[in-house]
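Residue numbers (the numbering used here), protein chains in the order written: chain A, -1 to 189; chain B, 19 to 469. Glycine residues also receive a C-beta, built at the ideal position from the N, C-alpha and C atoms.
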Amino acid sequence: MSSEAFTTLTSRTIVLREENIDTDQIIPARFLTTTSKDSLADACFHDWRFEASGKMTGHPLNTVDLKARQIIVSGNNFGCGSSREHAPWALMALGVRVVISTEIADIFRSNAMKNGLLPVTVDEDTLEALMADPGREVTVSLETQTVTFGNRSVSFEVEPFARRCLLSGQDSMDVLLSALPEIQKFEEAQS
Amino acid sequence: MTKTLFEKVWERNLVAPETEDRPAVLHISLHLIHEVTTPQAFTVLNERGLNVRRPDLTLGTIDHSVPTLPAGIDGELPYATPAAKNQVETLRRNCAEHGIPLLDLGDGRRGIVHVVGPELGRTRPGMTIVCGDSHTSTHGAFGALAFGIGTTEVGHVLATQSLLQRKPKTMRIRFVGTPPQSVTGKDLALAMIRQIGTQGGTGYVLEYTGEAIETLSMEGRMTLCNMSIEAGARAGMIAPDDTTWQYLDRAAGVPIPREVDLRTDDGAVFDAHIDIDASAIRPMVTFGTAPDAAVEASGIVPSGSDGLDYMGFKEGQALAEASVTTVFVGSCTNGRIEDMRAAAQVLNGRRVAEGVRMLVVPGSEQVKRQAEQEGLSAIFEKAGAEWREPGCSMCIAMNGDRGKPGDLVVSTSNRNFKGRQGEGVRTVLASPYTAAASAVEGRIASPEDYV
């Protein structure tokens, strides 16, 4: 089985300056009663993008061409809060493929990488430079682990196993299934 | 070689250590599941023709989407939406198909996933415990390694009873000294998050130690470990001691073998250390829209804070000036019997202020029964509070229990995020003592005069 791969992306940025953008902002809990992964685009950042009446707000997520802007540049600690994998599902449904911040929450990071969404942490100076110029073109390469914009190129770290899965679209379930003989042995030794 | 508690638990559950190519394969002792984060995992299992490897190590409960109001005269539960009902029915079907025990509606053991695990004696020291829920860190109070996972990983555990994990770093958080009576596990948690920040624990497993932890009840320890995730840490742990073993003996109904070695060795090395002066901690509340925006309930709104516009607070304003519309006591953070007792202690012989709505939601059927037997529910109802059926309720506001735009909710839950308790609703996190005192006074109130 395979999942969505990620190698290199060149796209424009959407800047969300807020810090601690939590998973309740990314997808409010009332949309979590779904039993599928589909149709979550409207739920993504719903309460930022829609008024209670359903009317669209003037938020940049509504006014820019999202197809051309697949990179979110966010304030510190993006994705904090709950373990809901609906957060990366919803972001992907909106067309987002990369989130860049100075910190990205653990569970969100882990969930994102399993769904073809690349979390990238950079230093404060780089984040400031990216935030200063919303909509600029940025190239994010998972192959070289670099973020490149203008004449600047900075490297980022990524867990090597998740990187390999993401580059090849390999499903980590297959790796665990291949470990079943070891798991069996462990369980036998335990009982 | 000396080891930390975390390292001991990690090693005893390790199927295969990590290499550059592959993270460690970690065996899972107990997999807790609920209706919200599992349907898509079962879909993957069914599509791939995979079985649940260890239904005996899996336990289902229904908590997030379920109404906390009883069934109507037609016998139907008042679900918020047909989707919520469908989600509950989907879990029921998936558990039946795969032979997974389920604490279904009507089962006297049902409740919030992080309340029932410990109270049924399923949570044990030395275990690895996971759930598609970030507050799984709660179970670390028993010396288990317990953390939240996403739905893809729920599928991994269902199919293999294992997870691929990189070994996290360790941080010791030592509470030095003891706080006054009115300070609970919740106040320790909020003080800790204020000190280390919402990302201070990212990448770490926390171990809480010190005098204030040793004297803390299991309920208080669970509250503190529960909130570890609000500091960015996937897991928080406390070494088992007599308090732990006695709780477990009661919960399991049989004596549980003591494991005295299940503690951090003297001289074991942590990657980071934090000391917190527990004697200086007073009842805490949050004033912003992230859990580190915390301050003494009797204090003023600090300067340079985020989220004040949303909260409608001004720098320098006394929190006691803030009128409260709603009070919520419950959740996996503070929905246990001790929390019910704390709220009842403050409300006994008093009334909820005019115009304030107070919901008290027990964390489980067992908590509900016990609170009713102890006369706590009668105190709540006499005070003018609503006594509900068990569930997550207003903590996540998925089940119809929610505030209106502009409401100010003093809540014993774990997250004060914008809109968490309903669109436009403002949340102030607090202990059950503080929540109940605020209900009585109709404004944010420190419980120091009540406890």
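| query | With burial defined as no fewer than 16 other Cβ atoms inside 10 Å of the residue's Cβ, what is the status of residue 469/B: buried or exposed? | reply | For the purposes of this step, residue 469/B is taken as residue 451 along the second sequence, with counting starting at 1. Buried.
| request: Taking all protein chains shown into account, decide if residue 306/B is buried (16 or more other Cβ within 10 angstroms of its Cβ) or exposed. | output: One-based indexing of the second sequence puts residue 306/B at position 288. Counting the other Cβ atoms within 10 Å of the Cβ of residue 306/B gives 16 or more, which makes it buried.
| message | Looking at the secondary structure, which residues open and close the alpha helix (DSSP H) in which residue 262/B lies? | response | In the second sequence, residue 262/B corresponds to position 244, counting from 1. Its alpha helix (DSSP H) spans residues 260 to 270.
| field | Pair within 7 Å by beta-carbon distance, residue 309/B and residue 248/B | value | Along the second sequence, read from residue 1 onward, the residue named residue 309/B stands at position 291. Along the second sequence, read from residue 1 onward, the residue named residue 248/B stands at position 230. Yes, the Cβ-Cβ distance between residue 309/B and residue 248/B is below 7 Å.
| query | Beta carbon of residue 506/B, beta carbon of residue 120/B: below 7 Å? | reply | Residue 506/B lies beyond the residue range present for chain B, which begins at 19 and ends at 469; the question has no answer from this structure.
| Over what stretch of residues does the beta strand (DSSP E) that includes residue 97/B continue unbroken? | On the second sequence, residue 97/B is found 79 positions in, with the first residue counted as 1. Note, residue 97/B: premise wrong, no beta strand (DSSP E); not H, not E.
| query | List, in order along the chain, the chain B residues whose C-beta lies closer than 9 Å to that of residue 177/A? | reply | Reading the first sequence from its first residue, position 179 is the one you call residue 177/A. Within chain B, the residues near residue 177/A are 33, 34, 40, 43, 178, 180, 182.
| Of the residues 332/B, 362/B, 194/B, the one placed nearest residue 395/B, counting alpha carbons only | Residue 395/B sits at position 377 when you count from the first residue of the second sequence. Nearest option by C-alpha distance: 362/B.
| residue 244/B and residue 146/B: beta carbons closer than 7 Å? | On the second sequence, position 226 is the one that residue 244/B refers to. On the second sequence, position 128 is the one that residue 146/B refers to. The criterion of a C-beta distance shorter than 7 Å is not satisfied by residue 244/B and residue 146/B.
| field | residue 293/B, enclosing alpha helix (DSSP H) - first and last residue | value | To locate residue 293/B, count along the second sequence from 1; it is residue 275. Taken as a continuous stretch (DSSP letters only), residue 293/B belongs to no alpha helix (DSSP H), being part of the beta strand (DSSP E) at 290 to 295.
| Cutoff 7 Å: residue 124/A Cβ touching any chain B Cβ | Mapped onto the first sequence, residue 124/A falls at position 126. For residue 124/A, the answer is no, since every Cβ of chain B falls outside 7 Å of its Cβ.
| query | What first and last residue would you give for the beta strand (DSSP E) that runs through residue 54/A? | reply | By one-based count along the first sequence, residue 54/A stands at place 56. In the DSSP assignment, residue 54/A falls outside any beta strand (DSSP E) and carries neither an H nor an E.
| Helix, strand or coil for residue 65/B per DSSP? | Residue numbering aside, residue 65/B sits at position 47 when the second sequence is read from its first letter. In the structure shown, the three-state DSSP call for residue 65/B is helix.
| query | Cβ of residue 163/A less than 7 Å from any chain B Cβ? | reply | Here residue 163/A refers to the residue found at position 165 when the first sequence is read from its first residue. Cβ-Cβ to chain B under 7 Å: no for residue 163/A.
| task | Kindly indicate the opening and closing residues of the alpha helix (DSSP H) around residue 387/B. | result | Stepping through the second sequence from its first residue, residue 387/B is reached at position 369. Run containing residue 387/B: 383 to 391, per the alpha helix (DSSP H) assignment.
| said: Check for me: the beta strand (DSSP E) holding residue 48/B runs from which residue to which? | reply: Here residue 48/B corresponds to residue number 30 of the second sequence, with the count starting at 1. Counting along the chain, the beta strand (DSSP E) containing residue 48/B begins and ends at 48 to 51.
| query | Is the Cβ of residue 157/B closer than 7 Å to any Cβ of chain A? | reply | What you label residue 157/B is simply residue 139 of the second sequence in a count that begins at 1. No, no contact with chain A.
| query | Closer than 7 Å, Cβ to any Cβ of chain B: which residues of the stretch 32 to 44 of chain A, in chain order? | reply | Of all residues in the stretch 32 to 44 of chain A, 32, 33, 34, 35 have a Cβ within less than 7 Å of some Cβ in chain B.
| field | Buried/exposed call for residue 20/A, threshold 16 Cβ in 10 Å | value | To locate residue 20/A, count along the first sequence from 1; it is residue 22. By the 10 Å Cβ count, residue 20/A comes out buried.
| said: With H, G and I counted as helix, E and B as strand and the rest as coil, what does DSSP make of residue 82/B? | reply: Your numbering for residue 82/B matches position 64 in the second sequence. Three-state DSSP puts residue 82/B in coil, outside helix and strand.
| task | With 7 Å as the limit, tell me which residues of the stretch 398 to 426 of chain B have their beta carbon closer than that to any beta carbon of chain A; keep them in chain order. | result | Those residues of the stretch 398 to 426 of chain B that come within reach of chain A (Cβ to Cβ, closer than 7 Å) are 414, 415, 416.
| Residue from 432/B, 89/B, 281/B whose Cα sits closest to the Cα of residue 347/B | Start at 1 with the first residue of the second sequence, and residue 347/B comes out as number 329. Of the candidates 432/B, 89/B, 281/B, the one whose C-alpha sits nearest the C-alpha of residue 347/B is 432/B.
| field | the stretch 92 to 111 of chain B contacting the stretch 159 to 174 of chain B, beta-carbon criterion three pairs below 8 Å | value | With the cut-off at 8 Å, the stretch 92 to 111 of chain B and the stretch 159 to 174 of chain B do not touch.
| Inter-residue Cα distance where the pair is residue 418/B and residue 211/B | In the second sequence, the residue the question calls residue 418/B occupies position 400. In the second sequence, the residue the question calls residue 211/B occupies position 193. Distance between the alpha carbons of residue 418/B and residue 211/B is about 29 Å.
| task | Report yes if the CB atom of residue 135/B is closer than 7 Å to the CB atom of residue 44/B, and no otherwise. | result | For the purposes of this step, residue 135/B is taken as residue 117 along the second sequence, with counting starting at 1. For the purposes of this step, residue 44/B is taken as residue 26 along the second sequence, with counting starting at 1. In this structure, residue 44/B does not lie closer than 7 Å to residue 135/B by Cβ.
| said: DSSP three-state label for residue 254/B, please. | reply: For the purposes of this step, residue 254/B is taken as residue 236 along the second sequence, with counting starting at 1. In this structure, residue 254/B counts as strand in the three-state DSSP scheme.
| Are there 16 or more other CB atoms within 10 angstroms of the CB of residue 161/B, so buried, or fewer, so exposed? | Position 143 of the second sequence, counted from the first residue, corresponds to residue 161/B. Buried: at least 16 other Cβ atoms inside 10 Å.
| field | Opposing strand residues paired with residue 189/B [DSSP bridges] | value | Taking the first residue of the second sequence as position 1, residue 189/B is located at position 171. Looking at the DSSP output, residue 189/B sits in a beta bridge with 224/B, 290/B.
| Do the stretch 8 to 23 of chain A and the stretch 68 to 76 of chain A touch if we need at least three Cβ pairs shorter than 8 Å? | Verdict: yes, contact present.
| Three-state secondary structure assigned by DSSP to residue 280/B | Position 262 of the second sequence, counted from the first residue, corresponds to residue 280/B. Note: residue 280/B maps to coil in three-state DSSP.
| request: Output, in chain order, the set of chain A residues within a Cβ distance shorter than 9 Å of residue 83/B. | output: Mapped onto the second sequence, residue 83/B falls at position 65. For residue 83/B, the chain A residues whose C-beta falls within less than 9 Å of its own C-beta are 30, 31, listed in chain order.
| request: Could you say which of 74/B, 238/B, 112/B, 188/B lies nearest to residue 200/B if we only look at CA atoms? | output: For the purposes of this step, residue 200/B is identified with residue 182 of the second sequence, where counting begins at 1. Measuring from the Cα of residue 200/B, the nearest candidate turns out to be 238/B.
| Residues within the stretch 81 to 97 of chain A neighbouring chain B, beta-carbon criterion of under 7 Å | Here the close residues are 81, 82, 83.
| said: Suppose contacts are defined by Cβ-Cβ distances below 7 Å. Is residue 448/B in contact with residue 427/B by that definition? | reply: The residue given as residue 448/B occupies position 430 in the second sequence. The residue given as residue 427/B occupies position 409 in the second sequence. Not in contact: residue 448/B and residue 427/B (Cβ atoms no closer than 7 Å).
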